[in-house]
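Q: Next up is a structure, given as structure tokens.
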Amino acid sequence: MCSIIGYHGDRTAAPILIKCLKKMEYRGYDSVGISTQYRNTIITKKKIGTVSEVNKKMELDKLPGKIGIGHTRWATHGNVTDINAHPHTSNSGKISVVHNGIIENYIEIKNELMKMGYKFYSDTDSEVIANLLQYNFEKTTNVKLSIMNTVIKLRGQYAFITILDNKLLAVRYNSPLIIGLKDNERFIASDVFGVSAEVDNIIYLNDGSFSILNEKKIQCYGFDGHLIKYTLSNIESNILTVSKKHYQYFTLKEIFEQTESILQVDIKSINELAKIVSNIKRLYIIGSGTSYNAALIAKYLLSKFCDKIVEAIVAEEFEIFQNMNRNSALIAISQSGETADVINAVNMAVNANIHAYTILNIPTSVLAMKCNNIAKTNCGLEIGVAATKSFTSQIASIYILVGKMIHVKFIDLHYVSNLISTILKNELEIQNISKSLKNIINIYVLAKGIHYPIASECALKLKELSRIHAESMFGGELKHGAFTLIDNNTHVIVINPQDDTYDDMVISIHEIKSRGAKIIGVSNTYNKLYDYWIKIPNVRDKIIFPLVEIIPLQLLSYYLAIEKNLDPDHPKNLAKSVTVK
Ligand code: F6R
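Residue numbers for the sequence shown follow the working numbering, so the first one is 588 and each next one is one higher.
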């Protein structure tokens, strides 16, 4: 989603801002802009398009000045237009703002400011921040007070950077923002990856705080104005070395990396979480998108093997669970730790005095700061917008968690890593199947029991990567309605490993096949009912089939994207971190 960047140092800001924005392109965006401060004037250029396109047309990197801010926008309020692109400048032209998040009460603030004579040019919620800052700064002529008086008025969740009174400022509330340092240079960015090549150290800005930066010092304050001590952190080496290697796309690299990433899950922190939740009767497991599919696996395993009441809930829907029982806890599953719906759900639980725990990939994220305990999936930075390696690490962590709770070892990570590498060796076969399937528009993905979350994840990958309308369904459910759509043109993926779901799924296949549909069977054994067979290996313990069956389905979705000339790393309209509601 939107990325923001700020720079104050001894070099010209504009080319550095462009370079950093390019590194954060993976977060998703539709328009680009920068403002720089030069001899007491703020110059702004912005437009719809990619960073390279807009830079080529408008020569953003030629803007003068050693203080600057930049933005890539993913539209929420107001259409994708040049005017709605950031930065937004206050009416005086002396304050410029880039913003990530949503100001929920912006109409109220806008009306108040308009009554005082302020004019607005965009449809965004963000423009109110620039004018509210101007109002507060003109009243107090004090930078610190004007930030404090501004944030007190804002409702929602936000991170913004502003040039105000020739200074660079960063403000963070429930949205990601970090500060980077090297010698006399100061950076502010949405994520560490954006500035990792430029800085030596990072400050993870506290949530609900702001910072005033210049070459000499950095001062951080809480929203009530008290000074906050900060600590300098090093940049993790795995971020510094991120590259596509020999792969055409990050997505393919990340699919292949799963043989390694799965070995990195942090067993110690997962075991600690297992100890804590063992005594809790009711668990709410939440997540969005892929992480919700992982929550469904957790629900299945915890319900089957532990004496617990478990709800798996899409994070956005958590608000309906008003009467949370005392002996209950929430486990939030997230790759980024930035997803707004997940953070809102955790806030709700915490406000209801319910402990919140997380299974998380980025331990420096907002979510990490809000949860009582973190089980770390440690799969490294995931750049492809579609989650791949983060999903397998989440479900491996869940197997370990549940196994620890009932004193059973469900998985041996090295064994699973070998199984994944066996499947990846069949890349060519899957590529060939994708050539035959590239013209399909609709597809069903059927499964039963613990395989259903994989069907759901497969449907998500097909939609995101290959832009095929895909619907996951329990095997037997098809005949309760959707059967009416089955004919010679229908394709159905059936997740059908040899376990206790096999016989029922074969019955479903017969029923579908007799109506003319084509079957793509995902199984460890061949069945002549399959029009295409996606082979998965036999496993020692059948309960871990889901961990292996998702791999060929990720590959299939990837190669369908390639066959259709789509960019798998940047699916249309999607963003890596969904930092707004
Ligand atoms: C799907 C995908 C998204 C994310 C969702 C939650 O491939 O990437 O559906 O899974 O936005 O993100 P996290 O896990 O970062 O909370």
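No residue lacks a Cβ here, since even glycine has one placed at the ideal position from N, Cα and C.
1. Does any heavy atom of the ligand F6R sit closer than 7 angstroms to the C-beta of Leu839?
2. What three-state label does DSSP hand Val684 in the structure shown?
3. Based on the DSSP output, what are the partners of Cys807 in its beta bridges?
4. To which residues of the same chain is Ala936 closer than 6 angstroms at the C-beta, ignoring the five residues directly before and after it?
5. Return the first residue and the last residue of the alpha helix (DSSP H) that Gln981 is part of.
6. Residues bridged to His595 by DSSP?
7. Just reading off the alpha helix (DSSP H) that Phe747 is part of, what are its end residues?
8. So Ser796 packs on Arg742, CB below 8 angstroms; how close in whole Å?
9. Name, in chain order, the residues that DSSP records as bridge partners for Tyr871.
10. Identify every run of the beta strand (DSSP E) within the region 670-723, keeping only runs that are complete inside it and at least 3 residues long; order them along the chain.
11. Using 7 angstroms as the cut-off, classify the Cβ of Val1126 as near or not near the heavy atoms of the ligand F6R, replying yes or no.
12. Can you tell me which residues fall inside 5 angstroms of the ligand F6R, judged by beta-carbon distance to its nearest heavy atom, and keep chain order?
13. What are the boundary residues of the alpha helix (DSSP H) that includes Ser622?
14. Inspect the CB distances between the region 690-708 and the region 724-732 and report whether three or more fall short of 8 angstroms.
15. I think Ile826 touches Leu792, with their Cβ atoms under 8 angstroms apart; what is that distance to the nearest whole Å?
16. Since Tyr944 sits in a beta bridge, which residues does DSSP pair it with?
17. If you reduce the DSSP assignment to three classes, tell me which class Val638 lands in.
18. Runs of 4 residues minimum, wholly inside the region 1055-1123: which ones carry the alpha helix (DSSP H) assignment?
19. On the DSSP bridge assignment, give the partners of Arg759 in chain order.
20. First and last residue of the alpha helix (DSSP H) that includes Tyr1145?
21. Check the DSSP bridge columns for Ile630 and list the partner residues they point to.
22. How about Val1032 and Ile1080: are their beta carbons less than 8 angstroms apart?
23. Would you say Thr926 reaches chain B, if we count a Cβ-Cβ gap shorter than 8 angstroms as a contact?
24. For Leu1153, which of helix, strand or coil comes out of DSSP?
25. DSSP beta-bridge partners for Lys610?
26. Note the first and the last residue of the continuous beta strand (DSSP E) segment covering Ile1030.
27. Less than 8 angstroms separating the beta-carbons of Ile1099 and Ile1106?
28. Quick one: what does DSSP say Lys891 is sitting in, helix, strand or coil?
29. Consult DSSP for Thr659 and reduce its assignment to one of helix, strand or coil.
30. Alpha helix (DSSP H) containing Tyr836: first to last residue?
31. Helix, strand or coil: which one does DSSP assign to Gly767?
32. When DSSP builds the beta bridges, which residues end up paired with Ser1164?
33. Three-state secondary structure (DSSP) at Ser590?
34. How about Ile630 and Gly657: do their beta carbons lie closer than 8 angstroms?
A: Walking through what the data contain:
1. Here residue 839 is taken as the residue at index 252 of the sequence shown, counted from 1. Checking the Cβ of Leu839 against the ligand F6R gives no.
2. Indexing the sequence shown from 1 puts residue 684 at position 97. It is a strand residue.
3. Here residue 807 corresponds to residue number 220 of the sequence shown, with the count starting at 1. In DSSP, Cys807 forms a bridge with Ser798 and Ile815.
4. Within the sequence shown, the letter at position 349 stands for residue 936. Excluding positions up to five away in sequence, the list reads Leu917 and Ala943.
5. Walking along the sequence shown from the start, residue 981 turns up at place 394. Note, Gln981: alpha helix (DSSP H), Lys976 to Ile993.
6. Position 8 of the sequence shown, counted from the first residue, corresponds to residue 595. DSSP output for His595 lists Ile654 and Arg773 as bridge partner(s).
7. Locating residue 747 in the sequence shown gives position 160, where the first residue counts as 1. Segment Gly743 to Leu751 is the beta strand (DSSP E) holding Phe747; no alpha helix (DSSP H) there.
8. Taking the first residue of the sequence shown as 1, we reach residue 796 at position 209. Taking the first residue of the sequence shown as 1, we reach residue 742 at position 155. About 17 angstroms separates the two Cβ atoms, so there is no contact after all.
9. Here the question's residue 871 lines up with position 284 in the sequence shown. Partner(s): Glu898 and Leu917.
10. 683-690
11. Residue 1126 sits at position 539 when you count from the first residue of the sequence shown. For the ligand F6R, not one heavy atom lies less than 7 angstroms from the Cβ of Val1126.
12. Ser875, Gly876, Thr877, Ser878, Ser921, Gln922, Ser923, Thr926, Ala973, Ala974 and Val1165
13. Residue mapping note: residue 622 aligns to position 35 of the sequence shown, counting from 1. No alpha helix (DSSP H) holds Ser622; the beta strand (DSSP E) holding it covers Ser618 to Tyr625.
14. no
15. Residue mapping note: residue 826 aligns to position 239 of the sequence shown, counting from 1. Residue mapping note: residue 792 aligns to position 205 of the sequence shown, counting from 1. The Cβ separation is near 18 angstroms, so there is no contact.
16. In the sequence shown, the residue the question calls residue 944 occupies position 357. In DSSP, Tyr944 forms a bridge with Ile918 and Asn960.
17. To locate residue 638, count along the sequence shown from 1; it is residue 51. Reduced to three states, the DSSP call for Val638 is helix.
18. 1089-1100
19. As a first step, residue 759 is located in the sequence shown; it is residue number 172 there, counting from the start. Answer is Ala746 and Ser796.
20. Within the sequence shown, numbered from 1, the residue matching residue 1145 stands at position 558. From DSSP, the alpha helix (DSSP H) with Tyr1145 extends over Phe1132 to Glu1150.
21. Position 43 of the sequence shown, counted from the start, is the residue given in the question as residue 630. Answer is Thr623.
22. Counting from 1 along the sequence shown, the entry for residue 1032 is found at position 445. Counting from 1 along the sequence shown, the entry for residue 1080 is found at position 493. Cβ distance < 8 angstroms, so Val1032 and Ile1080 count as in contact.
23. Going by chain labels, chain B is absent from the structure shown, which holds only one protein chain.
24. Residue 1153 sits at position 566 when you count from the first residue of the sequence shown. Note: Leu1153 maps to coil in three-state DSSP.
25. Reading the sequence shown from its first residue, position 23 is the one you call residue 610. None; Lys610 has no bridge partner.
26. Indexing the sequence shown from 1 puts residue 1030 at position 443. Counting along the chain, the beta strand (DSSP E) containing Ile1030 begins and ends at Asn1029 to Ala1034.
27. On the sequence shown, residue 1099 is found 512 positions in, with the first residue counted as 1. On the sequence shown, residue 1106 is found 519 positions in, with the first residue counted as 1. Yes, these two residues count as a Cβ contact at 8 angstroms.
28. Stepping through the sequence shown from its first residue, residue 891 is reached at position 304. Residue state, collapsed to three classes: helix.
29. Your numbering for residue 659 matches position 72 in the sequence shown. Strand at Thr659.
30. One-based indexing of the sequence shown puts residue 836 at position 249. Run containing Tyr836: none; DSSP gives neither H nor E here.
31. On the sequence shown, residue 767 is found 180 positions in, with the first residue counted as 1. Here Gly767 sits in strand by DSSP.
32. Position 577 of the sequence shown, counted from the first residue, corresponds to residue 1164. Looking at the DSSP assignment, Ser1164 forms no beta bridge with any residue, so it has no partner.
33. For the purposes of this step, residue 590 is taken as the residue at position 3 of the sequence shown. If DSSP states are grouped into helix, strand and coil, Ser590 belongs with the strands.
34. What you label residue 630 is simply residue 43 of the sequence shown in a count that begins at 1. What you label residue 657 is simply residue 70 of the sequence shown in a count that begins at 1. It is not a contact, given that the beta carbons lie outside the stated cut-off.
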